[in-house]
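Student: The structure's right below; bear with me while I get my questions together.
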Amino acid sequence: MSSEFLAFPNFDPVIFEIGPIGLRWYGLMYLIGFIFARWLAVRRANRPNSGWTVEQIDSLLFNGFLGVFLGGRIGYVMFYQFDAFLQDPAYIFRVWEGGMSFHGGLIGVILSMLITSKLQKRNFWSTADFVAPLIPFGLGMGRIGNFINDELWGRVTDVSWAVLFPSGGYLPRHPSQLYEAFLEGLALFFILNSFIKKPRPTGSIAGLFLVGYGTFRFIVEFFREPDPQLGLYFGQHISMGQILSLPMIILGLLIMTIAYKKAAKKG
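Numbered per my numbering, the sequence shown spans residues 3 to 269.
Put into structure tokens, the structure is as follows:
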């Protein structure tokens with residue numbers, strides 16, 4: 003059976019180690035995403051009348067990084083490992099054991115943008131619109147890191163491009179990490195960065211990000227293996243990822259509708 007499907011590349015998750023210090027592919031992918039986001043943000047801040055300085059960009063990204071880390075960890079524990087947390091509250095601090103949630107990280111980023119906008123005396127939606135197009139590239143790189151780490155693979159399938167993941171029991175599975183890298187990363191990046199080429203109502207860009215990510219994540223969840231401790235809900239059809247993505251889609255559509263209605267009244 004193995005000859006019919008794609009063998010998982012023999013990746014070493016650790017690129018190099020010097021004593022107790024090492025660099026992992028997963029961390030490198032996020033580092034590349036962060037560096038790219040800063041480069042793109044500074045490039046836009048340097049445009050005439052951008053309303054942003056490099057110092058403000060660095061403050062925004064630093065706060066956003068903290069929001070992603072804290073929100074991602076807390077969200078993962080609350081959404082996916084709550085029983086483990088109840089049995090051992092210290093589990094939330096054991097980040098070296100892995101476990102981050104995008105939806106929790108998103109909440110953390112939103113809170114960090116609220117705080118940063120207040121400190122910089124800036125409209126929250128203007129900040130959100132500036133940040134939204136910077137995010138997808140990093141998401142895509144993170145999913146590639148998941149693939150290299152042999153984690154978060156897809157459901158068993160017989161498609162010709164199925165991959166035999168070692169931690170997945172060498173069963174042919176959807177490479178759902180790569181599906182997410184393409185949709186949530188590449189496709190969403192081009193959608194948002196094409197959308198902002200023309201002036202848009204304040205808030206509409208952030209709303210489009212929520213709709214785009216929520217929709218793509220909802221689709222990929224049909225191919226992604228559900229978390230074993232949770233399984234599927236509603237007659238074994240809907241995953242936790244889809245449950246968390248639906249409010250994103252609804253909220254994003256609502257934000258876009260309000261943004262365009264306000265713009266129409268002003269116009």
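We put the CB at the ideal spot given by N, CA and C, even for glycine.
Tell me the rounded alpha-carbon separation between L116 and F126.
Tutor: Rounded to whole angstroms, L116 to F126 spans 6 angstroms at the Cα level.
Student: Can you grab the Cα-Cα spacing for the pair I146 / Y181, in whole Å?
Tutor: Their Cα atoms are separated by approximately 10 angstroms.
Student: Using the C-alpha atoms, what's the distance from N12 back to I245?
Tutor: Each residue's alpha carbon lies about 34 angstroms from the other.
Student: Starting from E19, follow the beta strand (DSSP E) in both directions and report where the run begins and ends.
Tutor: E19 -> beta strand (DSSP E) spans 16-20.
Student: Among all the DSSP beta bridges, which residues are the ones paired with V56?
Tutor: According to DSSP, V56 bridges with nothing at all.
Student: Is the region 18-35 in contact with the region 128-135, if contact means three or more CB pairs nearer than 8 angstroms?
Tutor: Contact fails: fewer than three Cβ-Cβ distances are below 8 angstroms.
Student: To the nearest angstrom, how far is it from the Cα of M102 to the Cα of G73?
Tutor: Their Cα atoms are separated by approximately 8 angstroms.
Student: Spell out the partners DSSP gives Y28 in its beta bridges.
Tutor: DSSP lists no partner for Y28.
Student: State buried or exposed for H176, treating a residue as buried only when at least 16 other CB atoms are found within 10 Å of its CB.
Tutor: Buried is the call here.
Student: Please tell me whether G77 and G106 are closer than 9 angstroms, where the distance is taken between their beta carbons.
Tutor: Contact: yes.
Student: Taking buried to mean at least 16 other C-beta atoms within 10 Å of its own C-beta, is P249 buried or exposed?
Tutor: The residue is exposed, with fewer than 16 neighbouring Cβ atoms inside 10 Å.
Student: Just the C-alpha distance for N195 and R157, rounded to the nearest angstrom, thanks.
Tutor: So the alpha carbons of these two residues sit roughly 32 angstroms apart.
Student: Alpha carbon to alpha carbon, how far is L33 from Y93? Give it in angstroms, no decimals.
Tutor: Answer to the nearest angstrom: the Cα atoms are 25 angstroms apart.
Student: Cβ atoms of L212 and I251: under 9 angstroms apart, would you say?
Tutor: Result yes, Cβ atoms of I251 and L212 sit closer than 9 angstroms.
Student: Whole angstroms is fine: what's the gap from I221's alpha carbon to S247's?
Tutor: Straight-line Cα distance between these residues: approximately 10 angstroms.
Student: Once DSSP output is grouped into helix, strand and coil, what is the label at A9?
Tutor: It is a strand residue.
Student: Would you call the region 251-262 and the region 191-208 in contact, with 3 or more CB pairs under 8 angstroms?
Tutor: Result yes; three or more Cβ-Cβ pairs closer than 8 angstroms.
Student: Just to confirm the assignment, what range does the alpha helix (DSSP H) spanning T204 have?
Tutor: Run containing T204: none; DSSP gives neither H nor E here.
Student: For the alpha helix (DSSP H) containing H105, name the first residue and the last one.
Tutor: Counting along the chain, the alpha helix (DSSP H) containing H105 begins and ends at 104-121.
Student: Considering D85, what are the terminal residues of the alpha helix (DSSP H) in which it resides?
Tutor: That run of the alpha helix (DSSP H) goes 84-89.
Student: Since L190 and F224 are thought to touch, with beta carbons under 8 angstroms apart, how far apart are those beta carbons, to the nearest angstrom?
Tutor: The pair is not a contact, with the Cβ atoms about 18 angstroms apart (cut-off 8 angstroms).
Student: Just list the residues that DSSP pairs V165 with in beta bridges.
Tutor: The partner list for V165 (beta bridge, DSSP) reads L8, R175.
Student: How close, in whole Å, do the beta carbons of I59 and A47 come, if the pair is a contact with beta carbons under 8 angstroms?
Tutor: Contact flag correct, Cβ pair sits at about 5 angstroms.
Student: Would Q42 and W163 qualify as a contact pair, given that the criterion is a beta-carbon distance under 9 angstroms?
Tutor: Going by the sequence as given, residue 42 is Leu instead of Gln. Contact flag unset, no.
Student: Could you spell out the range, first to last residue, of the alpha helix (DSSP H) harbouring D131?
Tutor: From DSSP, the alpha helix (DSSP H) with D131 extends over 126-133.
Student: Need the endpoints of the alpha helix (DSSP H) that R145 sits in, please.
Tutor: Looking at the DSSP string, the run of the alpha helix (DSSP H) that includes R145 is 137-150.
Student: Applying the 10 Å Cβ sphere with the 16-neighbour rule, what's the burial state of A266?
Tutor: Result: exposed.
Student: In the DSSP assignment, find the alpha helix (DSSP H) that holds Q244 and state where it starts and stops.
Tutor: Per DSSP, Q244 belongs to the alpha helix (DSSP H) from 242-268.
Student: Which residues in the same chain have their Cβ closer than 7 angstroms to the Cβ of F10, if we skip the five residues on either side of it in sequence?
Tutor: These residues qualify, in order along the chain: D152, V165, L166, F167, P168.
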